[in-house]
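Take 15 as the starting number for the sequence shown in our numbering and just add one per residue. Each remark here refers to the structure printed beneath this line.
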Amino acid sequence: MKKHSLRSFAIGMLLSASIIGSFYYYLENKGQEHATISVSEATSYLQKKGFTVLAEDEYNNLQKQIAEKKQEQAKSAAKEKKQEEPKEEQHENIAYTLKVKSGMSISQIAELLYKEKIVKDQEEFETYLIDNGYHTKIQVGSFPLTSDMSHKKIAETLTK
Numbered sequence: 015m016k017k018h019s020l021r022s023f024a025i026g027m028l029l030s031a032s033i034i035g036s037f038y039y040y041l042e043n044k045g046q047e048h049a050t051i052s053v054s055e056a057t058s059y060l061q062k063k064g065f066t067v068l069a070e071d072e073y074n075n076l077q078k079q080i081a082e083k084k085q086e087q088a089k090s091a092a093k094e095k096k097q098e099e100p101k102e103e104q105h106e107n108i109a110y111t112l113k114v115k116s117g118m119s120i121s122q123i124a125e126l127l128y129k130e131k132i133v134k135d136q137e138e139f140e141t142y143l144i145d146n147g148y149h150t151k152i153q154v155g156s157f158p159l160t161s162d163m164s165h166k167k168i169a170e171t172l173t174k
């Protein structure tokens, strides 16, 4: 390329960059002026679209009311639970002699204990045995169990 043609190319690039830049800044400023919107316009637009607009004070008051209601519900639930506990204590203590035979699975054992009301939840007892490693240590024989025994106590009795 010759020196003269290279200068012409550079001047053309400079000129085109300045024209594009001026349009860019001109259009950018024009768009920003149009984008400003007032609070009343924003609230009316949101209400038309189905939204509820609250002031910050109203929002905070509603949050406080919700928190108070949750606390009241928690207190009432705790009171109901306390009232139910004495009823559960009145249940009689159930005694049962479990006979573990060779080849019985832990699900069969848990099912028997659930049917005899020694454990309250069959799956929970099975999970406890597996999680704590008792499922491989269960012995064959007869074991006296009661309904007030914990999962741990029952598992220890079955693995003696």
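For glycine and all other residues, C-beta sits at the position ideal for the given N, C-alpha and C. Bear in mind that the values here come from a model prediction, so they are computed numbers and not experimental data.
Give the secondary structure of V114 by DSSP, where H, G and I count as helix, E and B as strand, and everything else as coil. Note: V114 maps to strand in three-state DSSP.
Taking 9 Å as the cut-off, decide whether the C-beta atoms of Y110 and L127 are in contact. Closer than 9 Å, so yes.
So, are the CB atoms of T160 and I132 less than 9 Å apart? The answer is yes: Cβ separation under 9 Å.
Please classify F37: is it buried, with 16 or more other beta-carbons within 10 angstroms of its beta-carbon, or exposed? Exposed: under 16 other Cβ atoms inside 10 Å.
Within the stretch 37-84, note down every full alpha helix (DSSP H) run reaching 4 residues or more, in order along the chain. The qualifying runs are 53-62.
Check for me: the alpha helix (DSSP H) holding S121 runs from which residue to which? Per DSSP, S121 belongs to the alpha helix (DSSP H) from 120-129.
In chain order, what residues of the same chain lie with their CB nearer than 8 Å to the CB of T173, ignoring the 5 residues before and after it? Excluding positions up to five away in sequence, the list reads Y148, K151, I152, Q153.
Local conformation of S161 per DSSP, three classes: DSSP places S161 in coil when its eight states are reduced to three.
If the criterion is Cβ atoms closer than 9 Å, does the pair I108 and F139 meet it? Not in contact: I108 and F139 (Cβ atoms no closer than 9 Å).
Mind checking I123: buried by the 16 CB within 10 Å criterion, or exposed? Per the 10 Å Cβ criterion, buried.
Just curious, the alpha helix (DSSP H) that Y142 is in, first and last residue? Judged by DSSP secondary structure, Y142 falls within the alpha helix (DSSP H) whose first and last residues are 136-145.
Rounded C-alpha distance that separates L68 from S58: The straight-line gap from Cα to Cα measures roughly 12 Å.
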